[in-house]
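Trainee: Residue numbers (UniProt numbering), protein chains in the order written: chain C, 1 to 320; chain P, 1 to 320; chain E, 1 to 320; chain L, 1 to 320. Where is the CB? At the ideal position from N, CA and C, for every residue including glycine. Being a predicted model, the structure only gives us computed values, none of them experimental. The structure that follows is given in the form of structure tokens.
Protein chains: 4
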Amino acid sequence: MTSEPPASPTRRTYSFLGPAGTFTEAALAQVPEARDQTWRPVRNVGEALADVIEGRSDAAMIAIENSVDGGVSTTQDALATVPGLRIVGEYLVPVEFVLVARPGVRLEDVSVVAAHPVAYAQCLTWLTAALPEHSHIPATSNVAAAVGLVDGGISADAAIAPPGILKLYDLDLLAEKIGDNPHAVTRFVLVSRTAPPPAPTGADKTSLIVELPEDHPGALLELLEQFATRGINLSLLASRPIGDELGRYRFVIDADGHIEDERMADALLGLRRFSPRVLYLGSYPRADRAIVRYPERYSDEVFVEARDWLRGLVSGEPEA
Amino acid sequence: MTSEPPASPTRRTYSFLGPAGTFTEAALAQVPEARDQTWRPVRNVGEALADVIEGRSDAAMIAIENSVDGGVSTTQDALATVPGLRIVGEYLVPVEFVLVARPGVRLEDVSVVAAHPVAYAQCLTWLTAALPEHSHIPATSNVAAAVGLVDGGISADAAIAPPGILKLYDLDLLAEKIGDNPHAVTRFVLVSRTAPPPAPTGADKTSLIVELPEDHPGALLELLEQFATRGINLSLLASRPIGDELGRYRFVIDADGHIEDERMADALLGLRRFSPRVLYLGSYPRADRAIVRYPERYSDEVFVEARDWLRGLVSGEPEA
Amino acid sequence: MTSEPPASPTRRTYSFLGPAGTFTEAALAQVPEARDQTWRPVRNVGEALADVIEGRSDAAMIAIENSVDGGVSTTQDALATVPGLRIVGEYLVPVEFVLVARPGVRLEDVSVVAAHPVAYAQCLTWLTAALPEHSHIPATSNVAAAVGLVDGGISADAAIAPPGILKLYDLDLLAEKIGDNPHAVTRFVLVSRTAPPPAPTGADKTSLIVELPEDHPGALLELLEQFATRGINLSLLASRPIGDELGRYRFVIDADGHIEDERMADALLGLRRFSPRVLYLGSYPRADRAIVRYPERYSDEVFVEARDWLRGLVSGEPEA
Amino acid sequence: MTSEPPASPTRRTYSFLGPAGTFTEAALAQVPEARDQTWRPVRNVGEALADVIEGRSDAAMIAIENSVDGGVSTTQDALATVPGLRIVGEYLVPVEFVLVARPGVRLEDVSVVAAHPVAYAQCLTWLTAALPEHSHIPATSNVAAAVGLVDGGISADAAIAPPGILKLYDLDLLAEKIGDNPHAVTRFVLVSRTAPPPAPTGADKTSLIVELPEDHPGALLELLEQFATRGINLSLLASRPIGDELGRYRFVIDADGHIEDERMADALLGLRRFSPRVLYLGSYPRADRAIVRYPERYSDEVFVEARDWLRGLVSGEPEA
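Printed below as a string of structure tokens:
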């Protein structure tokens, strides 16, 4: 596993939010196909997606949702506006935080804490109890806070960081599991250029971004009915401002199932007819590998049988 | 126009509720293809449909709904239970009644009136005012009442009959337009053996009989949504007991549009997936030739475009 | 039990479709309060309801639905158009038919059968098998056919009648249980002038007649949602033409529950706001005494609790 | 207008995100009742709400949504979890940014830019074009970046700040209107302790936070139907993770109308019956003062009339 090796026709390149040690790197480590390939650290989601679009990388790993903070707005907005992308996989990383300092610093010495704002917010209960007088300096990533301690770029006494940081830098552990929610997890997606979706596994998810056709009571209702009337459960429904004016939103949707499932294909057709803008982000295996359950009446066989029946009606065949 | 001519390979045969002079015959007279063909009078709907099924007739004209009395139960039940039929046309006949008697009888002489019970019910207001003391003898058809006067088979002084009766029999007109509702109309359908539907005209109707999958709050709702969510208006929704126990019904439906309209085909697929028993009775031109209106978003082009879009997604083509 | 006794302030009068021996009389015999009161036979539903409206009777028993034939159109239309009535009870009578003749006539002698057309239709399978050559003379009621045999008013050899006829007239039984459906049953309702509904029993039914506000896709859907969104099951939904033109219907509805149930009261409010014409026909105990089941979330307590909560919000009380 | 004056029984205190110069202060300046009262600057939303709950302030102004970035997660989560609060007003502040520096610094001298991360993201297009080589130092607020320039606490050459900063500090304007979206606006709400809602104005908004009763296809649909079936439009629907596990959300809702509007009261009753957790945040005048439009059938009179009608049915009064 190395960063930025010389290009090779047989190697694949994966962009991720660096530097080494981030949760995003931990997500990329879950991808079997990425082992022994080139991992390309970038500074933000925009860079990662640009790498994919412009061919510098084969795929990018990006954070899309956190169980405590919710959707990652910049990722959702980037996927909504950058064409030519496809989500091909999903990965979960438990979010755990440690408090670290330069060797010799003790907890009672800490008055200034460096932390990425999201990490800081997730550790606030612990910090308030353990360091009631502390002040906060924001950092651009969870790893950057720790690196700043090491290289002196940040004038803080301690930093909040992922546990893996201790293997990468010469830092002391002051406290561990300082996150407020012990079950916090971040969801990542692996994004490639537009390509056919991976084959259905029975435990798949389909991601979409949809704009409503007009602002009237019931438009969102109609959107959701496209799924409900085909027995499709949604695991995510988030709204993001389109940005042109207050009150106009697009909806980020994760639906249980694969585009090659008949009920999902039918729902997509319904959505497309309903909405002027439906962006299909991809169908891919769920990170938790949970088999999608649905009422028998929405199975592929039922759809196929109905089509055969309709064909017979039109051709005038006597009914069986 | 003759009844029961010798069979001929080039002639077609049409069954209708006889004898000559009935409203059903008036409906058959509206069928251009039936001119100069064989018209076969029968005694009831069962006989008419049996003629078609068993090949004695090419088609049968049967009454299906009256604007005052509602659906014709026997017709609806026969269509629901006799397989192998297809509705191919719809015809409207204004329902107008006259009071007739043998030559010489005057209105003030009338004390007993012969009439088919449905016709009698539709003239009750007039009869109560004009002949307050009359009594009623039921007849098996509107024409049979008049024929009974002529041949003495019914011991009545007058009969309620369609206006055309005066051209067929030697009877005097005592009163005309005696129906309570001057706009009353009966709807007839022409029924053939199962065959491909006539080509769409833009002013079509599709007839169905549907049983609900189970008795729970919302099953009928779900049935109706199959139409509403495709912009399809229903011109008829009637319930008929299935007959096995109280509270179990099948639904007789007329929907605006043709099975070859994309939105109707899609609704039929939805119905078939939803219900264990959907009987397609046919798609055919509406009697009133009124062009079917629907929101632009349900046009054929929108359906075709959505299918192309879906195909592109699955094949991994970059979006336009 | 006598017909037409002298009026008495302490006696109640009940109108029913006579003469003695009809299924309607059998329904009235199920009403405990009607025992030893005055039973007033009438010739049709219109007369029965006029008796109630004009004070000649306290209540009228009328047939409203048959498990084989469906809704009784004349009853449904009369209830829809005659104001000032309220259904106060429901009764079921099994429909069983016998073939009777004057003493001495044998089955093999029968060539002409008198029968009310509905009864005739319900016995057609048996008649076709047992008397393939018979012809049919229609009668105005099931009892009138038999009476016509006795008094010679109908020139038939046999009559279809209810089993009770043998206790009333000197007739011979030629065959019994000749109805095609052994489980056929007719539903009757007892109708009084407008009055408060009988107290809820937990096994109640509410009857309504509703016109849709306008003819657009989804109006009927919206009507049905008023029930479905309150967990209310419908045991009857029938359409009847309003009569002014083809394609305009009113809907006859039986809903599980009582107007004093919170969920039903709320549904009625929703209906009234939705539709220009909602006719409440009454809430009354179901004939089958089946306790109405509904999801716990639609119980009275939930409605009461929600109102208390809302009141607290408006008054600005801190939430518990 | 002063910060932190001595307490006085006749003065009211308003908490806001300080220091002076923030957009939040600009929102508070729109509140007529806050003029000449005590304005209390705080560091974050948690402090502002704690001030209100614990009685240090009468109300707090907090940012709730940005037209470009979407909902402010920390505010939404705080409102969802801190009991005893009520939104009493809404205010809009256009979001405009300037680039400032210490006197004498020119644009071409700038290599390091201090900025709150959200502000930085909103100016990225301009920065990339004007200062392609710059690097970014994050600050804790828009004003703190500028203050850091003045007091030397941040080692940057320039800062992104609101335009009002120039009146407060001795800084030079390097560039104005550098935000990527010229129409960007932030929505603020004024929050007090639980109290009766302000009187309806006809241009009101009702804010709610709702958890779904269970995770099944259609639960969200049912939630939305509570509004759609009463003609109520939603101006905001956002999902926020409940935080206990991935895939569990609460919904933040702004609905057009006031709790004292009959249709809104009815919708709230429906919501409460449907969901185990409905948090009412308040009804208050919309910032844009746009009169709420709704179909006539959802007017207060229709609700009142329906209740009168229902009352008459139960009491047994003859219908008018």
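#1: Per DSSP, what kind of secondary structure is Leu131(L) in: helix, strand or coil?
#2: At a cut of 8 Å, does the region 104 to 117 of chain P reach the region 71 to 83 of chain P through at least three beta carbon pairs?
#3: Would you say the beta carbon of Met61(E) is closer than 7 Å to some non-hydrogen atom of the ligand GDP?
#4: How many Å lie between Thr38(C) and Ala26(C) at the Cα?
#5: Are the C-beta of Ile209(L) and some C-beta of chain E separated by less than 8 Å?
#6: Among Arg230(E), Asp288(E), Leu224(E), which has the Cα closest to the Cα of Phe188(E)?
#7: Go through its chain and collect everything with a Cβ distance to Asp157(E)'s Cβ below 8 Å, but skip five positions before and after it.
#8: Determine, using beta carbons only, whether Thr194(E) and Gly84(E) come nearer to each other than 8 Å.
#9: Quick one: does Val185(C) have its CB under 8 Å from some CB of chain L?
#10: Which whole-angstrom value is the C-beta distance of Arg277(C) and Val210(C), which I expect to be below 8 Å?
#11: 8 Å is my cut-off, CB to CB: does Thr140(C) come that close to chain L?
#12: Name, in chain order, the residues that DSSP records as bridge partners for Thr10(E).
#13: Pick helix, strand or coil for Leu92(C), following the three-state DSSP scheme.
#14: Among Phe227(P), Thr229(P), Ala228(P), Leu220(P), which residue has its Cα nearest to the Cα of Phe227(E)?
#15: On the CB-based measure, 16 or more other CB atoms within 10 Å of its CB, does His183(L) come out buried or exposed?
#16: Could you tell me whether any Cβ in chain D is nearer than 8 Å to the Cβ of Gly247(C)?
#17: My understanding is that Ala129(C) touches Ala145(C), with C-beta atoms under 8 Å, so please give their C-beta distance in whole angstroms.
#18: Applying a beta-carbon distance threshold of less than 8 Å, which residues of chain L neighbour Leu221(C)?
#19: Would Leu223(L) pass as a contact of Leu212(L) if the rule is Cβ separation under 8 Å?
#20: Quick one: what's got a C-beta closer than 8 Å to Ala306(L)'s C-beta in the same chain, skipping five residues either side?
#21: Quick one: which chain L residues come within Cβ less than 9 Å of Ile259(E)?
#22: Does the region 289 to 300 of chain L come close enough to the region 257 to 270 of chain L to have 3 or more Cβ pairs within less than 8 Å?
#23: Excluding the 5 residues preceding and the 5 following Pro5(P) in the sequence, name in chain order all residues of the same chain whose CB lies nearer than 6 Å to its CB.
#24: From the beta carbon of Arg198(L), is the nearest beta carbon of chain E less than 8 Å away?
#25: I'd like to know whether the C-beta of Tyr280(E) is nearer than 8 Å to at least one C-beta of chain L.
#26: For the region 105 to 120 of chain E, which residues have a CB atom closer than 8 Å to at least one CB atom of chain P, in sequence order?
#27: Does the Cβ-Cβ distance between Pro241(L) and Val185(L) come in under 8 Å?
#28: Using DSSP with H/G/I as helix, E/B as strand and the rest coil, what is Lys205(E)?
#29: Counting along the chain, where does the beta strand (DSSP E) carrying residue 388(E) start and finish?
#30: According to DSSP, Ile87(E) sits in a beta bridge with which residue or residues?
#31: Residues in its own chain within less than 6 Å of Tyr91(C) by CB, not counting five upstream and five downstream?
#32: Can you say whether Leu171(E) is buried or exposed, counting buried as having 16 or more other CB atoms within 10 angstroms of its CB?
#33: Where does Ala274(E) fall in DSSP's three states?
#34: Please list, in chain order, all residues of the same chain as Ile64(C) whose beta carbon is under 6 Å from its beta carbon, the five residues on each side excluded.
#35: Identify the contact partners of Ser67(P) in chain E, using a Cβ-Cβ distance below 7 Å as the criterion.
#36: Phe16(C): buried (16+ other C-beta within 10 angstroms of its C-beta) or exposed?
Mentor: Looking at the atomic coordinates:
#1: The residue you call residue 131(L) lines up with position 131 of the fourth sequence. Of the three classes helix, strand and coil, the one that applies to Leu131(L) here is coil, per DSSP.
#2: Cβ pair count under 8 Å is below three, so no.
#3: Absence of the ligand GDP is noted for the structure shown, with no ligands found whatsoever.
#4: Along the first sequence, read from residue 1 onward, the residue named residue 38(C) stands at position 38. Along the first sequence, read from residue 1 onward, the residue named residue 26(C) stands at position 26. Going by C-alpha positions, Thr38(C) is about 15 Å away from Ala26(C).
#5: In the fourth sequence, the residue the question calls residue 209(L) occupies position 209. Closer than 8 Å: no.
#6: In the third sequence, counting from the first residue as 1, residue 188(E) sits at position 188. In this structure, Asp288(E) is the residue among Arg230(E), Asp288(E), Leu224(E) with its C-alpha nearest to the C-alpha of Phe188(E).
#7: As a working mapping, residue 157(E) is identified with position 157 in the third sequence. The answer, listed in chain order, is Ala101, Val105, Asp109, Val110, Ser111, Val112, Val113.
#8: Counted from its first residue, the third sequence places residue 194(E) at position 194. Counted from its first residue, the third sequence places residue 84(E) at position 84. For Thr194(E) and Gly84(E), yes; Cβs fall inside 8 Å.
#9: Translated into the one-based positions of the first sequence, residue 185(C) becomes position 185. At a cut-off of 8 Å between C-beta atoms, Val185(C) counts as an interface residue with respect to chain L.
#10: In the first sequence, the residue the question calls residue 277(C) occupies position 277. In the first sequence, the residue the question calls residue 210(C) occupies position 210. With a Cβ gap of about 7 Å, Arg277(C) and Val210(C) count as contacting.
#11: Translated into positions along the first sequence, residue 140(C) becomes position 140. Chain L, which has a Cβ nearer than 8 Å to the Cβ of Thr140(C), makes this yes.
#12: What you label residue 10(E) is simply residue 10 of the third sequence in a count that begins at 1. Looking at the DSSP output, Thr10(E) sits in no beta bridge, so it has no partner there.
#13: Within the first sequence, residue 92(C) is the residue found at index 92, counting from 1. In the three-state scheme derived from DSSP, where H, G and I count as helix and E and B as strand, Leu92(C) is classed as strand.
#14: Position 227 of the third sequence, counted from the start, is the residue given in the question as residue 227(E). If we check each option's Cα against that of Phe227(E), Leu220(P) comes out closest.
#15: Translated into the one-based positions of the fourth sequence, residue 183(L) becomes position 183. Exposed.
#16: Of the chains in the structure shown, none is chain D; the protein chains are C, P, E and L.
#17: One-based indexing of the first sequence puts residue 129(C) at position 129. One-based indexing of the first sequence puts residue 145(C) at position 145. Wrong, their Cβ atoms sit about 20 Å apart, outside the cutoff.
#18: Residue mapping note: residue 221(C) aligns to position 221 of the first sequence, counting from 1. Result: Leu221, Leu224, Glu225, Ala228.
#19: The residue given as residue 223(L) occupies position 223 in the fourth sequence. The residue given as residue 212(L) occupies position 212 in the fourth sequence. In this structure, Leu212(L) lies closer than 8 Å to Leu223(L) by Cβ.
#20: Within the fourth sequence, residue 306(L) is the residue found at index 306, counting from 1. Non-local beta-carbon contacts of Ala306(L) in its own chain, meaning distances under 8 Å to residues more than five positions away in sequence, are absent.
#21: Taking the third sequence and counting its residues from 1, the one referred to as residue 259(E) is at position 259. Simply Leu310, Leu313, Val314.
#22: Segments in contact, yes.
#23: Numbered from its first residue, the second sequence carries residue 5(P) at position 5. Reliability of the predicted coordinates at Pro5(P) is poor, the pLDDT of 48 falling under 50, and the value obtained from them is presented with this limitation in mind. Correct list, in chain order: Thr38.
#24: Position 198 of the fourth sequence, counting from 1, holds the residue named residue 198(L). A quick correction: the sequence has Pro, not Arg, at residue 198(L). The Cβ of Pro198(L) sits no closer than 8 Å to any Cβ of chain E.
#25: In the third sequence, counting from the first residue as 1, residue 280(E) sits at position 280. Against chain L, the CB of Tyr280(E) has a partner CB under 8 Å away; the residue lies at that interface.
#26: Here the close residues are Pro117.
#27: The residue given as residue 241(L) occupies position 241 in the fourth sequence. The residue given as residue 185(L) occupies position 185 in the fourth sequence. For Pro241(L) and Val185(L), no; Cβs fall outside 8 Å.
#28: Residue 205(E) sits at position 205 when you count from the first residue of the third sequence. Here Lys205(E) sits in strand by DSSP.
#29: Past the edges of chain E, shown from 1 to 320, lies residue 388(E), and the structure says nothing about it.
#30: Residue numbering aside, residue 87(E) sits at position 87 when the third sequence is read from its first letter. Residue pairing from DSSP places Ile87(E) in a beta bridge opposite Val191(E).
#31: For this step, residue 91(C) is matched to residue 91 along the first sequence. Cβ neighbours of Tyr91(C) beyond the five flanking positions: Ala27, Gln30, Phe188, Ala287.
#32: Taking the first residue of the third sequence as 1, we reach residue 171(E) at position 171. Counting Cβ neighbours within 10 Å, Leu171(E) comes out buried, since at least 16 surround it.
#33: Sequence index remark: in the third sequence, residue 274(E) carries index 274 (1-based). Residue identity differs from the one stated: residue 274(E) is Phe in this sequence, not Ala. It is helical.
#34: Position 64 of the first sequence, counted from the first residue, corresponds to residue 64(C). Non-local beta-carbon contacts of Ile64(C) in its own chain, meaning distances under 6 Å to residues more than five positions away in sequence, involve Val72, Thr75, Arg187, Val189 in chain order.
#35: As a working mapping, residue 67(P) is identified with position 67 in the second sequence. Within chain E, the residues near Ser67(P) are Pro241, Gly243, Glu245, Leu246.
#36: If you number the first sequence from 1, residue 16(C) lands on position 16. It counts as buried.
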